[in-house]
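Novice: Quick one: this structure, given as structure tokens, is what I'll be asking you about.
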Amino acid sequence: MERRKFLQQGTLAGISALALGGITSKSQAATAGTTAAKEKPFKMDFAPHDGMFKNSAGADFLDQIKYMYDQGFRSIEDNGMMHRPVAEQEKIGNLLAKLGMTMGVFVVDTGNNWKTSLASGKQEFTDAFVKTCKDSVDVAKRCNAKWATVVPGFFDRNLPMGIQTANVVAALRLGAAIFEPHKLVMVLEPLSDTPDLFLRTAEQSFEICKAVNSPACKILYDIYHMQRNTGNLIPTIDQCWDEIAYIQIGDNPGRKEPGTGEINYKNVFAHLHKKGYKGVLGMEHGNAGQGKEGEAALIKAYRNVDLQD
């Protein structure tokens with residue numbers, strides 16, 4: 000092509016681009032920017048939650064999920080999924096399927112998780128739990144979930160520990176019978192939020208899972224809570240390994256991203272990898288920093304502890 004014609008065509012192309020740029024929609028611009036910002040997938044299956052990137056992606060959870068994907072995340076989790084409208088649950092499930100992302104845990108929320116309930120053996124609490132498990136199956140189908148978090152509630156101080164444990168096991172067996180035909184897993188989460196909680200350690204959860212004796216009843220090992228309650232993280236993981244189906248993350252103190260506290264997450268993740276864990280690692284914590292800068296720092300923190308080549 001002659002130089003003069005090449006320059007003329009280049010000038011026309013530039014004018015056209017400017018003209019089109021003036022009428023490009025915000026969504027198109029956002030899409031172009033997002034595409035350019037795509038990062039390589041994390042080697043470990045980290046799962047952010049709603050609100051973690053609201054400053055970078057906006058308030059809409061669907062937009063946040065797209066942003067998470069572009070930053071290299073391949074899973075999400077959403078404790079409050081049961082309380083979202085059915086249409087929104089379906090939209091989230093469809094988007095995850097389109098992106099090839101995994102839905103992590105949501106909470107089986109009976110409304111009784113933070114009071115004395117299943118340990119008491121009272122029929123009203125067992126009935127509420129069974130009903131919520133049935134509802135959870137429908138939620139799981141809409142959003143393509145495989146795991147659902149179960150919190151048995153508080154101790155019943157009027158009953159011996161053995162009786163409380165038997166009451167919890169009996170209720171969980173009913174829940175497992177609901178989940179198992181659908182290949183869903185309820186994961187029991189020992190917590191550190193208050194000493195009143197019945198389920199406090201991974202070892203106790205291990206005992207209960209063995210008693211329930213179902214592939215639909217396993218342990219959610221939240222590293223933050225277990226560091227606070229017992230420490231000794233890696234040996235406890237080994238002892239309870241057969242019943243651990245899901246893992247969550249949070250540094251201590253502060254319950255923020257890895258690198259902000261005392262837990263050596265590089266060593267913990269390397270150990271999980273050595274044991275062959277390829278499951279979801281739920282990022283159930285807050286952001287140490289504020290705004291977009293804090294969100295960028297959080298992503299960098301996860302790049303720092305991700306498996307190395």
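Heads up, the sequence shown is in numbering that gives the first Met the number 0, so the first residue is 0 and it goes up one at a time. Just so you know, even glycine gets a beta-carbon here, dropped at the ideal spot from N, CA and C.
So, helix, strand or coil for Met51, using DSSP?
Specialist: Here Met51 sits in coil by DSSP.
Novice: Is it buried or exposed for Arg302, if we count other Cβ within 10 angstroms and need 16 for buried?
Specialist: Arg302 is exposed by the Cβ-count criterion.
Novice: Pick helix, strand or coil for Gly230, following the three-state DSSP scheme.
Specialist: Three-state DSSP puts Gly230 in coil, outside helix and strand.
Novice: Tell me the rounded alpha-carbon separation between Ala322 and Leu187.
Specialist: This structure cannot speak to residue 322, because the chain is shown only from 0 to 308.
Novice: Could you tell me which residues DSSP pairs with Leu219 in its beta bridges?
Specialist: The partner list for Leu219 (beta bridge, DSSP) reads Tyr245.
Novice: List in chain order: all unbroken beta strand (DSSP E) runs of 3+ residues lying wholly within the stretch 230 to 308.
Specialist: Those beta strand (DSSP E) runs which fall completely within the stretch 230 to 308 and span 3+ residues are 243 to 247 and 279 to 281.
Novice: Tell me whether the stretch 234 to 251 and the stretch 288 to 299 touch, counting them as touching only if at least three CB pairs, one residue from each stretch, are closer than 8 Å.
Specialist: Too few Cβ pairs lie closer than 8 Å, so no.
Novice: Indicate the three-state DSSP secondary structure (helix, strand or coil) for Thr101 in the structure shown.
Specialist: Correct three-state label for Thr101: strand.
Novice: Can you grab the Cα-Cα spacing for the pair Ile91 / Asn157, in whole Å?
Specialist: Using only the alpha carbons, I get a separation of about 43 Å.
Novice: What does the alpha-carbon distance come out to for the pair Gly120 and Thr164?
Specialist: Distance between the alpha carbons of Gly120 and Thr164 is about 10 Å.
Novice: Does the Cβ of Asn112 have 16 or more other Cβ atoms within 10 Å, making it buried, or fewer, making it exposed?
Specialist: So Asn112 ends up on the buried side.
Novice: Cα separation between Gly99 and Asp195?
Specialist: C-alpha separation (whole angstroms): 40 Å.
Novice: Tell me Ala175's beta-bridge partners as DSSP assigns them.
Specialist: Looking at the DSSP assignment, Ala175 forms no beta bridge with any residue, so it has no partner.
Novice: Taking Cβ to Cβ, would you say Gly260 is nearer than 7 Å to Asn251?
Specialist: It is a contact, given that the beta carbons lie within the stated cut-off.
Novice: When DSSP builds the beta bridges, which residues end up paired with Met185?
Specialist: BP columns for Met185 point to Ala147 and Cys216.
Novice: Is Phe60 helix, strand or coil by DSSP?
Specialist: Phe60 falls in the helix class under three-state DSSP.
Novice: Going by C-alpha distance, which of Ser204, Val211 and Lys265 is nearest Ile233?
Specialist: Here the closest residue by C-alpha is Lys265.
Novice: Should Asp134 and Phe105 be called a contact, given that it needs their Cβ atoms to be closer than 7 Å?
Specialist: Cβ distance not < 7 Å, so Asp134 and Phe105 don't count as in contact.
Novice: Given a cut-off of 7 Å on the beta-carbon distance, is the pair Ala118 and Phe154 in contact?
Specialist: Yes, Cβ-Cβ distance for Ala118 and Phe154 is below 7 Å.
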